[in-house]
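Each remark here refers to the structure printed beneath this line.
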Amino acid sequence: MEHKVNRWIMGTAVGIAAIAAMIDHTRHSLPTPQANDIVVIDDEVDSSPCSLDVSPCSLD
Amino acid sequence: MPADEHAINVLGSLRYFADKDSNIVLNLLDGQIPRENEKFPEGELHFANLGWRGFYHCHSAKDRHHEEHGHFHLFARYAEKQDNSIDWTHVAALSIDNEGQPRAWFTVNQWVTGASWLSASDTFALLDDIPTSDELTATEVFLLSMLGLYHEDLKELLFDRDSQLTQINAGTSMDDKLHNREVYVLSSQQIDLQQRLSLAVSV
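Set out below in structure tokens:
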């Protein structure tokens, strides 16, 4: 679980070099997405590939 | 909240990720290898129920930009004017490169997300009050703060979206345009986060 982020530098100025260094420290190669072996036969003409789950918090 | 405060919150998130030798995507994957079209996190981001939702996913290699690893889709809650019912609309997507860095904002046609469609001005109004909470995760803080930091760019992005939409198959109905599967991305803007942060908070 992630921790909360505090506003740790509120009211201070940050140097350009410090910003560059911080961004560089987050620069890491990401794992290549694996092909999805599951073949979905989609007859639904109106399907949306990037939709939200309809009812993520609903009871079954 | 002024842009420099959003910048400070972006920097706070970046430091959190940097301290873990991570970034916004690795933090979300938590050691998992993503499968194409699989959503992260499982169950989506809920932003402490503050009116925003989202998720990260990667399209298949043939369907994604060669510089993109995947993208976050960000949705905002709004109340229908007619009956005050609650619904969700897609605000923007944040494209991430293969090293976990934001590379572009973009908008998509309605059929892509299936979310309710609001005009650019109504969508942009949802960005007027970006929420904050101690209950937000670092990923959520980063994403909401990015929306704040790029507030004016997103206005241009959204109005460009609507402008592009009007040019699709001139003469066809709005409904036909919104469901035209030949049109996926409607507008996009490149991101230079280092430059933006430098402008906002540097000495």
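These protein sequence lines map, in sequence, to chains A and B. To convert, note that position 39 of the first sequence is 39 in my numbering; the numbers rise steadily by one, no gaps. When you read off a place in the second sequence, starting at 1, and then add 1000, the result is the number in my numbering. Backbone N, C-alpha and C define an ideal beta-carbon position, used for all residues, glycine too.
For L1186 of chain B, decide whether its Cβ has a neighbour in chain A, counting only Cβ atoms nearer than 8 Å. Indexing the second sequence from 1 puts residue 1186 of chain B at position 186. It does not; no Cβ of chain A falls within 8 Å.
Based on DSSP bridge pairs, tell me the residues matched to E1068 of chain B. Taking the first residue of the second sequence as position 1, residue 1068 of chain B is located at position 68. DSSP output for E1068 of chain B lists B:D1097 as bridge partner(s).
From the beta carbon of V941 of chain B, is the nearest beta carbon of chain A less than 8 Å away? What the structure shows of chain B is the stretch from 1001 to 1203, and residue 941 of chain B is not part of that stretch, so it cannot be assessed.
What distance in whole Å lies between the Cβ atoms of W1052 of chain B and L1144 of chain B, which are believed to be in contact at a cut-off of 8 Å? The sequence position of residue 1144 of chain B within the second sequence is 144, counting from 1. The sequence position of residue 1052 of chain B within the second sequence is 52, counting from 1. Indeed they touch by this definition, with Cβ atoms about 7 Å apart.
Can you find a CB in chain A that lies within less than 8 Å of the CB of T1113 of chain B? Here residue 1113 of chain B refers to the residue found at position 113 of the second sequence. Closer than 8 Å to some Cβ of chain A, the Cβ of T1113 of chain B qualifies, so yes.
Going by beta carbon distance, what residues of the same chain come within less than 7 Å of D1087 of chain B, once the five residues before and after it are set aside? Locating residue 1087 of chain B in the second sequence gives position 87, where the first residue counts as 1. Cβ neighbours of D1087 of chain B beyond the five flanking positions: Y1078, E1080, S1116.
Mapping DSSP to helix, strand and coil, what is A1170 of chain B? Locating residue 1170 of chain B in the second sequence gives position 170, where the first residue counts as 1. Coil, per DSSP.
In its own chain, which residues sit with a C-beta less than 8 Å from the C-beta of L1028 of chain B, not counting the 5 before and 5 after it? Here residue 1028 of chain B is taken as the residue at index 28 of the second sequence, counted from 1. Only F1040, P1041, Y1056, T1139 meet the Cβ criterion.
What did DSSP end up calling G1012 of chain B once you bin it into helix, strand or coil? Translated into positions along the second sequence, residue 1012 of chain B becomes position 12. Helix at G1012 of chain B.
Do we get a CB-CB distance below 8 Å when we pair R1035 of chain B with the residues of chain A? Here residue 1035 of chain B refers to the residue found at position 35 when the second sequence is read from its first residue. Closer than 8 Å: yes.
So that I know if they touch, is there some Cβ in chain A lying closer than 8 Å to that of N1180 of chain B? In the second sequence, counting from the first residue as 1, residue 1180 of chain B sits at position 180. Chain A contact via Cβ: absent.
Which same chain residues end up closer than 6 Å to D1162 of chain B when comparing Cβ atoms and leaving out the 5 residues on each side of it in sequence? By one-based count along the second sequence, residue 1162 of chain B stands at place 162. So the list reads A1120, once near-sequence residues are dropped.
Any beta carbon from chain A within less than 8 Å of S1095 of chain B's own beta carbon? Residue numbering aside, residue 1095 of chain B sits at position 95 when the second sequence is read from its first letter. False, the Cβ-Cβ gap to chain A never drops below 8 Å.
So A1007 of chain B and L1149 of chain B are supposed to be a Cβ contact under 8 Å. How far apart are they, rounded? Working through the second sequence from its first residue, we reach residue 1007 of chain B at position 7. Working through the second sequence from its first residue, we reach residue 1149 of chain B at position 149. At roughly 6 Å, the Cβ-Cβ gap stays under 8 Å, so A1007 of chain B and L1149 of chain B are in contact.
Considering Q1190 of chain B, what are the terminal residues of the beta strand (DSSP E) in which it resides? The sequence position of residue 1190 of chain B within the second sequence is 190, counting from 1. From DSSP, the beta strand (DSSP E) with Q1190 of chain B extends over 1185-1190.
Counting pairs of Cβ atoms below 8 Å between the stretch 1165-1174 of chain B and the stretch 1066-1078 of chain B, do you hit three or more? no
Which residues does DSSP pair with L1045 of chain B in a beta bridge? Residue 1045 of chain B sits at position 45 when you count from the first residue of the second sequence. B:G1054, per the DSSP bridge assignment.
How would you list, in chain order, the residues of chain A whose beta-carbon sits under 7 Å from the beta-carbon of A1076 of chain B? Here the question's residue 1076 of chain B lines up with position 76 in the second sequence. In chain order: nothing, as chain A lies at least about 11 Å away.
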